[in-house]
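Quick mapping for you: the protein sequence lines, in order, are chains A and B.
According to the numbering used here, the first sequence holds residues 1 to 195 in order.
According to the numbering used here, the second sequence holds residues 196 to 390 in order.
C-beta: ideal position from N, C-alpha, C; glycine also.
None of the values given here were measured: they were computed from a predicted structure.
There are 2 protein chains.
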Amino acid sequence: MSKGQETREAILTEATTLAAKVGLTGMTIGQLAAHTGMSKSGLYAHFASKEALQIQILRHTRERFVDRVIRPALSAPRGIARLRTLFDGWLAWSEAFEDGGCLFVAACSELDDRPGPVRDALVRDELDWLELIATVTAAAVSEGQLRADTDVHQVAYELHALTLAHQHASRMLQDPRAPERVHRAFDSIIARTSA
Amino acid sequence: MSKGQETREAILTEATTLAAKVGLTGMTIGQLAAHTGMSKSGLYAHFASKEALQIQILRHTRERFVDRVIRPALSAPRGIARLRTLFDGWLAWSEAFEDGGCLFVAACSELDDRPGPVRDALVRDELDWLELIATVTAAAVSEGQLRADTDVHQVAYELHALTLAHQHASRMLQDPRAPERVHRAFDSIIARTSA
DNA sequence: GACTGAAAAGCACGATCGTGCTATACATGT
DNA sequence: ACATGTATAGCACGATCGTGCTTTTCAGTC
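As structure tokens, then:
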């Protein structure tokens, strides 16, 4: 990897952290330059525009997400175990952001009514994520662990709701019982749909 | 109400809409002045600082929330009916924002890691809201409609999760089935804890 | 209808925004 | 070690940011 690629990756990693704190829009080139110890123009030369930078941040974050959450879950045994691994993987992922929690969650509220390519990219990521949860749930159904009449998209919707709620309880309200709450809610959903 | 108070209220109403779209931080005095047809300085004279404006926006929004969601629900019959009225009231409230959905939800992701008086005010509001849901749930328990061993704070947590998920599904993903999904999830929670 | 206090606007400030152009420093292949 | 291209910094731009001071316009009282 050339020097340029290297620093570009480093910039994107730093930018992910910063954007999770202050938002993709709230983040400024100047702040990011200060955080990376570069000059504004030196940093900016790596990207065509701020919007392009935002999209690359999302792309970079998605790659990390696949590495850290999805791939590990896919090596767990099919069925409820894999679903649980996926869910716990997300919780760990969210906590790995030292501030601001999961960038995707933060970006969603920020962009939910700001049309444009950044929002489009984010919607694609979210749909992929929901679809993956539904697929893993469907595997649990075909393994006979969940009831055959399970609406896997409804389950995906409800599990995703829990990730949003957990971020809220843990980051915003700083509720010490947040992990307990989210796990109990997860168990309720599984129990209700268990064969 | 004096002229000053009147325009101040008008400014806050407009500001609520704008802040729901672009965030409490993303909203600028200049934008707000343009939306209200006032000059920047004429508008700014009503507030001590941008931070004070943000806090007043939250206060103003909370008053509307009490009028439009909480008070109507309290006039519904105690128990599950009241809980459902409260929940449906929130859904209608969220839809009443022509863009951006519920301001509180948007502000939460924005401020969850930005300490300060604005965040503090928002956390208070959120805790009040969760506590109200728990109280209304507890009434359904004491009416004998929900099981006596119901953890009302867990139910409040899960119902609140649904409001977050609904905003996401409806605003971000623009899923036409969002209302159906959220109602089914609500029913599942009630069914699980019904006596 | 004149007076007076409140409300709004005009104007200006230093800072920072996103974005370019130009020059310098560095890394890399020979 | 030198040449070359790439990576970074310097500098500048018009615009807009939050904020304050000063002036003008307006509303309400006698």
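- request: Apply the 10 Å Cβ neighbour rule to B/Thr407 and answer buried if 16 or more other Cβ atoms are within range, or exposed otherwise.
  value: Since the first residue shown for chain B is 196 and the last is 390, residue 407 of chain B is missing from the structure and cannot be characterised.
**Asked** Per DSSP, B/Ser389 is paired with what?
**Response** Counting from one through the second sequence, the residue named residue 389 of chain B turns up at place 194. DSSP, once it has assigned bridges, lists B/Leu341 as partnering B/Ser389.
Pick helix, strand or coil for B/His378, following the three-state DSSP scheme. Here residue 378 of chain B corresponds to residue number 183 of the second sequence, with the count starting at 1. Helix at B/His378.
task = Pick helix, strand or coil for A/Leu127, following the three-state DSSP scheme.
result = Residue numbering aside, residue 127 of chain A sits at position 127 when the first sequence is read from its first letter. Helix, per DSSP.
* CA nearest to the CA of A/Ala73, picked from A/Gln145, A/Ala33, A/Ala139 and A/Gln154 -> The residue labelled residue 73 of chain A in the question sits at position 73 within the first sequence. For A/Ala73, the nearest C-alpha among the options comes from A/Ala139.
Check: If you draw a straight line from the C-alpha of B/Phe381 to the C-alpha of A/Ile11, how long is it?
Finding: Counting from 1 along the second sequence, the entry for residue 381 of chain B is found at position 186. Counting from 1 along the first sequence, the entry for residue 11 of chain A is found at position 11. The alpha-carbon separation between B/Phe381 and A/Ile11 amounts to approximately 43 Å.
| field | Complete alpha helix (DSSP H) runs within the stretch 36 to 124 of chain A (minimum length 4 residues, chain order) | value | 40 to 44, 50 to 65, 71 to 74, 80 to 96 and 103 to 111
- Query: DSSP three-state call for B/Leu394: helix, strand or coil?
  - Reply: The structure shown has nothing for residue 394 of chain B, since chain B only spans 196 to 390.
- Who are the neighbours of B/Asp308 on chain A, taking C-beta pairs under 7 Å? On the second sequence, residue 308 of chain B is found 113 positions in, with the first residue counted as 1. The contacting residues are Lys21, Asp99, Gly100 and Arg171.
Less than 8 Å between the CB atoms is what I'm expecting for B/Lys216 and B/Asp294, so what's the real figure, rounded? Position 21 of the second sequence holds residue 216 of chain B. Position 99 of the second sequence holds residue 294 of chain B. The pair is a contact, with the Cβ atoms about 5 Å apart (cut-off 8 Å).
Could you tell me which chain B residues have their CB closer than 7 Å to the CB of A/Arg184, listed as they occur along the chain?
In the first sequence, residue 184 of chain A corresponds to position 184, counting from 1. Within chain B, the residues near A/Arg184 are Gln349.
Using the Cβ count rule (16 or more neighbours within 10 Å means buried), how would you classify A/Gly101? Taking the first residue of the first sequence as 1, we reach residue 101 of chain A at position 101. Flag for A/Gly101 reads buried.
Compare the C-beta of B/Glu338 with all C-beta atoms of chain A and state if any pair is closer than 7 Å. Working through the second sequence from its first residue, we reach residue 338 of chain B at position 143. No, its Cβ sits nowhere closer than 7 Å to a Cβ of chain A.
Requested in this report: In angstroms with no decimal places, state the Cα-to-Cα distance between A/Arg8 and A/His168.
Outcome: For this step, residue 8 of chain A is matched to residue 8 along the first sequence. For this step, residue 168 of chain A is matched to residue 168 along the first sequence. Near 31 Å, if we compare the C-alpha coordinates of A/His168 and A/Arg8.
- Message: Tell me the residue span of the alpha helix (DSSP H) that contains A/Leu24.
- Response: As a working note, residue 24 of chain A is residue 24 in the first sequence. Neither: A/Leu24 is in no alpha helix (DSSP H) and is coded neither H nor E.
(message) Could you check whether A/Thr193 and A/Leu146 sit closer than 7 Å to each other, using their CB atoms as the reference points?
(response) Counted from its first residue, the first sequence places residue 146 of chain A at position 146. Counted from its first residue, the first sequence places residue 193 of chain A at position 193. Their beta carbons are under 7 Å apart, which means A/Leu146 touches A/Thr193 by this criterion.
Option nearest A/Leu24 by Cα separation, candidates A/Arg59, A/Ser2 and A/Leu164: In the first sequence, counting from the first residue as 1, residue 24 of chain A sits at position 24. Here the closest residue by C-alpha is A/Arg59.
Nearest chain A C-beta to B/Glu353 closer than 7 Å, yes or no?
The sequence position of residue 353 of chain B within the second sequence is 158, counting from 1. True, the Cβ-Cβ gap to chain A drops below 7 Å.
Less than 7 Å between C-beta atoms, sequence neighbours within five positions excluded: which residues of the same chain meet that for B/Thr211?
Within the second sequence, numbered from 1, the residue matching residue 211 of chain B stands at position 16. Only Ile252, His255, Thr256 and Leu298 meet the Cβ criterion.
*B/Ala287 and B/Thr280 look like a contact to me (Cβ under 8 Å); what is the Cβ gap, rounded to whole Å?*
What you label residue 287 of chain B is simply residue 92 of the second sequence in a count that begins at 1. What you label residue 280 of chain B is simply residue 85 of the second sequence in a count that begins at 1. Actually they are not in contact, since the Cβ atoms of B/Ala287 and B/Thr280 sit about 10 Å apart, beyond 8 Å.
- Any idea what DSSP makes of B/Ser383, helix, strand or coil? The sequence position of residue 383 of chain B within the second sequence is 188, counting from 1. If DSSP states are grouped into helix, strand and coil, B/Ser383 belongs with the helices.
- For B/Leu281, decide whether its Cβ has a neighbour in chain A, counting only Cβ atoms nearer than 7 Å. Along the second sequence, read from residue 1 onward, the residue named residue 281 of chain B stands at position 86. No, because no Cβ of chain A sits closer than 7 Å to the Cβ of B/Leu281.
Checklist line | For A/Leu173 and B/Val318, believed in contact at Cβ under 8 Å, the rounded distance | finding: Here residue 318 of chain B corresponds to residue number 123 of the second sequence, with the count starting at 1. Here residue 173 of chain A corresponds to residue number 173 of the first sequence, with the count starting at 1. Correct: roughly 6 Å between the Cβ atoms.
### Within-7 Å CB hit, B/Leu357 to chain A
Counted from its first residue, the second sequence places residue 357 of chain B at position 162. Yes, B/Leu357 counts as interfacial toward chain A.
Hey, could you find the ends of the alpha helix (DSSP H) A/His166 is sitting in?
For the purposes of this step, residue 166 of chain A is taken as residue 166 along the first sequence, with counting starting at 1. Here the alpha helix (DSSP H) through A/His166 covers Val152 to Gln167.
Q) Is it buried or exposed for A/Ser213, if we count other Cβ within 10 angstroms and need 16 for buried? A) Here chain A comprises residues numbered 1 to 195, so residue 213 of chain A is not present and cannot be evaluated.
| said: If the criterion is Cβ atoms closer than 7 Å, does the pair A/Ala33 and A/Leu18 meet it? | reply: If you number the first sequence from 1, residue 33 of chain A lands on position 33. If you number the first sequence from 1, residue 18 of chain A lands on position 18. It is not a contact, given that the beta carbons lie outside the stated cut-off.
- Buried or exposed: A/Met27, going by 16 or more other Cβ atoms within 10 Å of its Cβ? Here the question's residue 27 of chain A lines up with position 27 in the first sequence. By the 10 Å Cβ count, A/Met27 comes out buried.
| field | Alpha-carbon spacing of B/Ser337 relative to B/Leu278, whole angstroms | value | To locate residue 337 of chain B, count along the second sequence from 1; it is residue 142. To locate residue 278 of chain B, count along the second sequence from 1; it is residue 83. So the two alpha carbons sit approximately 13 Å from each other.
Which residue wins for smallest C-alpha separation from B/His361, given the options B/Leu306, B/Glu326 and B/Val300? Position 166 of the second sequence, counted from the start, is the residue given in the question as residue 361 of chain B. Residue B/Val300 is the option with its Cα nearest to B/His361.
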